[in-house]
Amino acid sequence: MDLPDRALRPRAIAVADALRERMLDGALRDGEKLNETRLADALGVSRTPLRAALHALAAEGLLEYAPNRGFTVRDFSTELIDEAFEIRAALEGLACRFAARRGLDASSRASLETALAQGEAVVATGQCGPAELERYRTANVAFHETLLHAAQNRQLADTLRLVLNRPGASLRRIVAFTPDQIRQRVDDHRRILEAILSQDYGRAELLMRDHVSGIRTAR
Numbered sequence: 006m007d008l009p010d011r012a013l014r015p016r017a018i019a020v021a022d023a024l025r026e027r028m029l030d031g032a033l034r035d036g037e038k039l040n041e042t043r044l045a046d047a048l049g050v051s052r053t054p055l056r057a058a059l060h061a062l063a064a065e066g067l068l069e070y071a072p073n074r075g076f077t078v079r080d081f082s083t084e085l086i087d088e089a090f091e092i093r094a095a096l097e098g099l100a101c102r103f104a105a106r107r108g109l110d111a112s113s114r115a116s117l118e119t120a121l122a123q124g125e126a127v128v129a130t131g132q133c134g135p136a137e138l139e140r141y142r143t144a145n146v147a148f149h150e151t152l153l154h155a156a157q158n159r160q161l162a163d164t165l166r167l168v169l170n171r172p173g174a175s176l177r178r179i180v181a182f183t184p185d186q187i188r189q190r191v192d193d194h195r196r197i198l199e200a201i202l203s204q205d206y207g208r209a210e211l212l213m214r215d216h217v218s219g220i221r222t223a224r
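Here the numbering used here runs 5 ahead of the position in the sequence shown, where the first position is 1.
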């Protein structure tokens with residue numbers, strides 16, 4: 006995002022982050038035309054950083070812009086979401102390969118073990134209501150985000166985040182509606198962590214690819 010006034014950058018970035026969150030949460034729906042005045046009022050910002058943020062999100066492919074019509078939330082087709090999952094599976098698999106090959110530091114290992122324990126605690130309830138899904142969502146995001154950090158590759162992280170910002174392929178979108186589905190995903194996490202700890206980077210990569218592909222086919 007190239008703004009003429011550098012002082013606007015932090016605010017524009019914050020606005021872009023807020024709008025991205027609304028898209029991921031479904032507050033801004035696919036195909037929705039954006040009213041800039043209402044958005045500026047809702048976010049408590051002026052039109053200048055808002056427009057900079059909108060252009061940045063359009064550059065990411067999350068919004069579409071048409072002269073005299075303004076910005077619209079991109080309508081992600083099933084085909085586009087499937088493509089995003091294919092890329093996500095490859096990149097997250099590569100992140101696991103890097104993490105296994107380089108080894109985990111104490112902080113990353115502790116974070117992964119905590120996230121795994123949180124997921125196992127959800128499985129132990131035998132329930133799959135809104136509260137359990139939210140707890141699993143938190144554990145799932147923490148597990149995947151920690152692995153991305155442990156890969157220690159900024160270009161990989163930047164590229165993967167562009168994919169994860171697609172609403173249909175986001176880490177925050179949980180496709181698990183039964184206790185058995187959650188159990189399967191937590192079991193996947195356990196096997197992935199075991200492979201990383203043993204530095205079996207080929208197996209770690211394959212397990213993560215299969216894990217993400219399983220989420221894709223369960224949609």
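Quick reminder that beta carbons are idealized off the backbone N, C-alpha and C, glycines included.
- Task: For R34, verify whether its CB is less than 7 Å away from any heavy atom of the ligand NAP.
- Result: Although the ligand NAP was asked about, the structure shown includes no ligands whatsoever.
- Query: For the region 138–157 against the region 103–112, are there 3 or more C-beta pairs whose distance is under 8 Å?
  - Reply: yes
- Message: Count Cβ pairs between the region 51–63 and the region 20–28 that sit closer than 8 Å; are there 3 or more?
- Response: yes
- Look at the Cβ atom of K38, then the Cβ atom of T83, and state whether they are nearer than 8 Å. no
- Query: Is the region 111–125 touching the region 171–180 in the sense that three or more CB pairs, one from each, lie closer than 8 Å?
  - Reply: no
- Length of the line joining the Cα atoms of D80 and G36: 5 Å
- Query: Span of the beta strand (DSSP E) holding I76?
  - Reply: For the record, residue 76 in the displayed sequence is Phe; it is not Ile. Looking at the DSSP string, the run of the beta strand (DSSP E) that includes F76 is G75 to V78.
- Message: Let me check one thing: in DSSP terms, what residues is L212 bridge-paired to?
- Response: According to DSSP, which records beta bridges pairwise, L212 is partnered with nothing at all.
- Give the secondary structure of A45 by DSSP, where H, G and I count as helix, E and B as strand, and everything else as coil. helix
- Continuous alpha helix (DSSP H) stretch holding E91: start and end: T83 to R107
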